[in-house]
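Chains as they are written, first to last, in my numbering: chain A, 77 to 376; chain S, 20 to 434; chain B, 177 to 537.
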């Protein structure tokens with residue numbers, strides 16, 4: 077039973093990683109760039125949501141929509157200003173620019189919202205008015221899974237299905253995949269590559285806003301640097317599952333959460349992160365392109 | 020074309036900024052919430068660096084003016100501590116200058132991002148700018164490196180909150196305003212042994228943080244000596260401070276009824292929330308890093324009900340001086356000051372008292388001031404916000420009484 | 177004289193650039209030493225000389241991995257960390273045996289390099305089997321693992337020699353490693369190495385840069401270096417002409433790690449306090465920024481970029497709270513400017529064509 081409760085907390089944590097990883101992998105899959113600023117867009121999403129609920133006194137769901145709107149605009153603006161001029165540049169140049177954007181967002185947040193951590197009221201409070209946990213009891217109440225975790229899982233699955241449908245079935249989604257395969261050829265086929273990539277960023281940033289609200293609901297507090305470590309973990313999750321693969325990001329995120337939780341419980345809380353990364357390395361050695369990643373043979 | 024790009028970039032930067040600022044702007048008009056502190060804080064911070072003499076000019080003979088160099092994290096994730104300490108110190112400086120007495124201060128805060136490397140850089144920069152006394156560093160890690168340098172150069176150093184023993188170890192010219200880590204560890208263990216007899220204690224601490232580990236080490240040693248049973252220990256790092264469910268489950272399963280948290284209030288707030296979510300309600304026991312949890316924006320203070328902590332400072336204290344300080348801090352920065360702000364404030368008053376006792380003049384060199392102050396420090400007694408009648412050993416350690424408080428209805432009360 | 181100019185003219189262009197690099201470093205060293213001794217330099221700059229040297233060595237060594245070998249490494253700070261802590265242990269425990277600070281510093285740097293080379297070998301074997309972003313994430317993972325492991329390390333020294341313990345479950349302290357009373361604690365877990373005697377010097381930093389340049393430039397211009405670059409440009413083609421992929425990749429990677437270790441030892445002995453958390457992902461990225469801005473495969477570029485970019489945030493201190501924001505904006509603008517098509521064509525017209533190093537897209 078103890079194992080089960082550790083497993084559940086692992087899945088809860090993993091679903092948070094998964095939802096961030098989905099946005100990461102989406103942008104990477106299409107634009108082929110590691111967007112290190114993704115974690116910071118998440119942080120901005122969290123702050124917008126706080127502002128919306130505590131100052132504008134909007135209900136929780138509306139604050140999510142507002143955060144999505146703001147982050148979408150932010151994502152498009154960042155893309156247009158910092159990444160678009162670098163379409164022809166090396167991927168390393170884009171990576172460094174992304175890091176610059178990440179520093180910019182963190183420090184801007186520090187100046188705007190201050191260094192003090194802010195408490196975040198979860199969109200589903202941890203306990204109800206009677207002080208009982210808002211959680212779904214399992215196995216006759218021996219273990220329970222909180223509603224916020226269930227919501228995160230649900231959101232993950234919906235987003236995953238929606239993205240799979242979108243990239244597989246719609247015209248714009250197909251254009252995205254074409255860009256991902258070969259930008260030059262896509263352009264020749266009459267696809268507006270620049271616009272397609274901008275749309276990708278818009279979607280990725282909107283997802284980041286959702287992830288931000290759910291991440292903060294989980295951690296219940298928010299600082300300007302909140303996004304950076306979950307960002308790196310989500311990046312790891314995306315690679316773990318096979319970067320660019322949408323179900324892979326989900327699987328990678330959940331597995332990462334479970335590994336972290338079990339490592340803490342049974343091996344060492346000190347080395348939880350080290351163990352997590354060690355597992356990642358072993359998996360990549362066995363499957364060099366991640367769990368569900370496509371293996372692309374090199375051509376001479 | 021190139022110019023256009025550049026201009027576009029700048030404009031966009033401004034746009035981004037105003038876009039984001041818009042949110043907090045509307046917020047602050049909606050209610051008197053503390054979110055709008057930052058713009059004013061920005062100018063506040065830069066003021067002493069550029070026009071620091073303004074306040075001193077009326078009485079301003081150069082001989083009476085001492086330049087204090089502040090070192091602390093003003094950016095990155097630890098900025099909260101550095102900013103609080105420097106804001107507190109600035110309030111003390113303004114108060115002393117407003118007295119119009121012979122001693123006038125000028126404070127120049129420099130950023131070290133809590134990194135020893137940048138701390139040393141900041142220190143050199145301050146000496147270049149003519150600082151005579153160092154108020155810093157706010158964090159232990161940077162403080163150890165900085166105090167090693169000030170020891171070599173003979174510059175008097177007083178750290179508001181660098182609580183590791185290594186900050187003062189072997190350096191006769193570095194003094195602390197805060198308790199040392201061992202002091203807090205043993206203090207907490209003694210308090211638990213006395214007031215919560217028979218407790219089964221679990222500890223959750225941050226093992227990549229010198230402060231947290233230092234307190235935990237002495238707490239465990241003292242707990243053994245006092246016969247307190249420690250049933251479980253959980254750790255976390257900076258990178259895993261978002262999820263404590265495993266550590267809490269483990270503590271709960273082992274039957275811990277006291278949870279000792281020698282950590283800062285941000286992760287503590289997460290622990291409180293997650294413990295509540297799993298209906299685990301031990302007695303939470305914190306140290307001075309826990310101070311600030313009640314004033315954390317949007318924090319549900321119900322979660323902190325019954326939390327005990329050892330803290331030298333309480334913003335709810337009734338005395339006039341604390342009330343004045345809290346009011347001023349609130350006016351200037353829009354939030355209730357925490358322990359770090361009080362430490363910074365006290366640090367400046369300690370320097371003030373020591374300078375008076377030693378009869379220093381502003382034209383003395385840093386080295387002369389240092390020797391004079393080192394000689395008088397063990398002899399003076401200072402009343403501050405963080406303790407009445409604080410005295411110092413020659414080693415640099417402060418002696419003042421720790422205060423145990425318990426949180427009831429969102430305020431500190433003495434049990 | 178005439179003969180000399182002829183000789184210089186006769187040299188290959190790369191050789192000329194290399195000699196110019198050496199000469200530039202020597203001149204800079206002489207200039208800064210003279211200025212410092214004359215008291216012209218202020219304390220800020222004097223204090224920054226050693227860390228700048230350390231970061232220059234870091235940048236040059238990372239350039240070997242990223243620019244010459246063509247593999248993106250996000251865990252370079254991990255090797256610096258290994259070097260820093262092993263160097264500190266060596267220096268602190270030899271305090272009595274070798275009183276001379278420069279000799280001790282040299283040994284510490286050597287020890288740091290050796291341990292980092294060992295770490296580099298351990299990391300390199302699995303890492304170099306991967307490619308592209310997967311390789312990048314694994315180096316990141318190794319960097320984080322090294323950081324966490326050192327966080328749990330307890331090391332002390334007494335008359336019986338070194339005592340070490342690995343604090344796996346968080347219950348050990350420096351008092352539990354079996355030191356006799358009065359023993360010296362060197363590394364105290366998360367509190368890191370405290371009370372280190374700071375023996376690093378600018379001269380040592382300069383010598384280390386020169387050694388690094390000699391090693392790296394000679395490697396790059398040698399047969400092995402050409403093999404490594406062939407791997408970078410087209411691995412399959414290189415393999416088909418009989419280049420041993422693993423051997424040459426490991427050669428570049430381990431050399432790079434060893435030099436980072438040496439830089440770490442120099443850095444670690446410059447501060448009285450050193451914590452494992454310093455060598456995080458952020459530090460790896462910082463060095464990567466130096467390399468990319470200096471130009472991939474371009475050693476003198478790395479040197480200048482490291483020096484200028486290290487100095488930049490310090491120079492921005494007048495912006496107070498806006499310092500890091502301004503730094504971020506400068507970083508983005510520089511990346512945009514150096515990659516803008518207009519500037520490139522302009523530069524192409526003015527400057528003779530330079531060989532740009534390609535990176536795996």
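Ideal Cβ placement from N, Cα and C applies to all residues, glycine included.
Cα-Cα separation between residue i and residue j, rounded to whole angstroms
| i | j | result |
| --- | --- | --- |
| residue 187 of chain A | residue 450 of chain B | 29 Å |
| residue 286 of chain S | residue 376 of chain S | 42 Å |
| residue 244 of chain B | residue 234 of chain B | 15 Å |
| residue 51 of chain S | residue 289 of chain S | Caution applies to residue 51 of chain S, whose pLDDT of 36 falls short of 50 and renders its modelled position unreliable; the model cannot decide the point. |
| residue 156 of chain S | residue 361 of chain S | 15 Å |
| residue 125 of chain A | residue 143 of chain A | 6 Å |
| residue 296 of chain B | residue 335 of chain B | 32 Å |
| residue 59 of chain S | residue 500 of chain B | Any answer about residue 59 of chain S is weak, because its pLDDT of 38 lies below 50 and its placement is not dependable; what the coordinates show is given next. In a straight line, the C-alpha of residue 59 of chain S is about 18 Å away from that of residue 500 of chain B. |
| residue 243 of chain S | residue 141 of chain A | 54 Å |
| residue 296 of chain S | residue 231 of chain A | 21 Å |
| residue 176 of chain A | residue 117 of chain S | 43 Å |
| residue 197 of chain B | residue 475 of chain B | 8 Å |
Run of the alpha helix (DSSP H) containing residue i, from where it starts to where it stops
| i | result |
| --- | --- |
| residue 493 of chain B | Where residue 493 of chain B is concerned, there is no enclosing alpha helix (DSSP H), given that its DSSP letter is neither H nor E. |
| residue 443 of chain B | 421 to 444 |
| residue 342 of chain S | 339 to 352 |
| residue 382 of chain A | Residue 382 of chain A lies beyond the stretch modelled for chain A, which goes from 77 to 376, so this question has no answer here. |
| residue 130 of chain S | No alpha helix (DSSP H) holds residue 130 of chain S; the beta strand (DSSP E) holding it covers 123 to 130. |
| residue 86 of chain S | Per DSSP, residue 86 of chain S belongs to no alpha helix (DSSP H); it is in the beta strand (DSSP E), 84 to 91. |
Residue i versus the options, residue with shortest Cα-Cα distance
| i | options | result |
| --- | --- | --- |
| residue 328 of chain A | A:80, A:81, A:98, A:83 | A:98 |
| residue 372 of chain B | S:241, S:165, S:396 | S:165 |
| residue 231 of chain S | S:193, S:178, S:308 | S:308 |
| residue 274 of chain S | S:222, S:229, S:331 | S:222 |
| residue 158 of chain A | A:293, A:139, A:180, A:141 | A:180 |
| residue 503 of chain B | A:122, A:120, A:223, A:178 | A:178 |
| residue 408 of chain B | B:428, B:273, B:288, B:465 | B:428 |
| residue 319 of chain A | B:379, B:196, B:308 | B:308 |
| residue 349 of chain S | S:98, S:94, S:106 | S:106 |
| residue 266 of chain S | S:257, S:252, S:279, S:151 | S:252 |
| residue 134 of chain S | S:98, S:126, S:119, S:123 | S:98 |
| residue 118 of chain A | A:313, A:306, A:334 | A:306 |
| residue 305 of chain B | A:370, A:371, A:364, A:368 | A:364 |
| residue 104 of chain A | A:273, A:288, A:290 | A:273 |
| residue 313 of chain B | A:137, A:358, A:371, A:370 | A:358 |
| residue 204 of chain S | S:139, S:280, S:270 | S:280 |
Neighbourhood of residue i by C-beta distance below 7 Å, restricted to the same chain and skipping five residues each side
| i | result |
| --- | --- |
| residue 81 of chain A | 219 |
| residue 330 of chain A | 87, 90, 91, 94 |
Near the ligand ZN: residue i beta-carbon under 7 Å from a heavy atom
| i | result |
| --- | --- |
| residue 150 of chain A | By its list of ligands, the structure shown contains no ligand whatsoever, and the ligand ZN lies outside what it can speak to. |
Opening and closing residue of the beta strand (DSSP E) in which residue i lies
| i | result |
| --- | --- |
| residue 409 of chain S | 406 to 411 |
| residue 221 of chain S | 219 to 225 |
| residue 222 of chain A | 219 to 222 |
Spatial neighbours of residue i in its chain, beta-carbon cut-off 8 Å, leaving aside the 5 residues before and after
| i | result |
| --- | --- |
| residue 418 of chain S | 409, 410, 411, 412 |
| residue 295 of chain A | 196, 302 |
| residue 201 of chain B | 382, 385, 386, 389, 479 |
| residue 314 of chain S | 334, 354, 355, 357 |
| residue 144 of chain S | 129 |
Cβ-based neighbour list, residue i, same chain, cut-off 6 Å, excluding 5 preceding and 5 following
| i | result |
| --- | --- |
| residue 320 of chain B | none |
For this session: Compile a chain-ordered list of the residues in the segment 140 to 165 of chain S whose CB is closer than 7 Å to at least one CB of chain B.
Result: 140, 143, 144, 146, 147, 160, 163, 164
Exercise. If you measure beta-carbon to beta-carbon, which residues of the segment 221 to 238 of chain B are closer than 9 Å to chain S?
Worked result: 221, 222, 223, 224, 227
Exercise. Which residues, in order along the segment 501 to 523 of chain B, keep a beta-carbon less than 8 Å from a beta-carbon of chain A?
Worked result: 501, 503, 504, 505, 507, 508, 511, 512, 514, 515, 516, 517
For this session: Mind checking the segment 441 to 457 of chain B against chain S and listing, in chain order, the residues whose C-beta falls within less than 9 Å of any C-beta there?
Result: If the cut-off is 9 Å between Cβ atoms, the segment 441 to 457 of chain B has 443, 446, 447, 448, 449, 450, 451, 452, 453, 454, 456 near chain S.
For this session: May I ask you to list, following chain order, the residues of the segment 246 to 269 of chain S that have a beta carbon less than 8 Å from some beta carbon of chain A?
Result: 253, 254, 255, 256, 257, 258, 259, 261, 262, 264, 265, 266, 268, 269
Problem set entry | Interface positions of the segment 219 to 234 of chain S facing chain B (Cβ-Cβ less than 7 Å), listed along the chain | 226, 227, 228, 229, 232, 233
For this session: Using a Cβ-Cβ cut-off of less than 8 Å, list which residues of the segment 334 to 368 of chain B approach chain A; keep chain order.
Result: 343, 344, 345, 346
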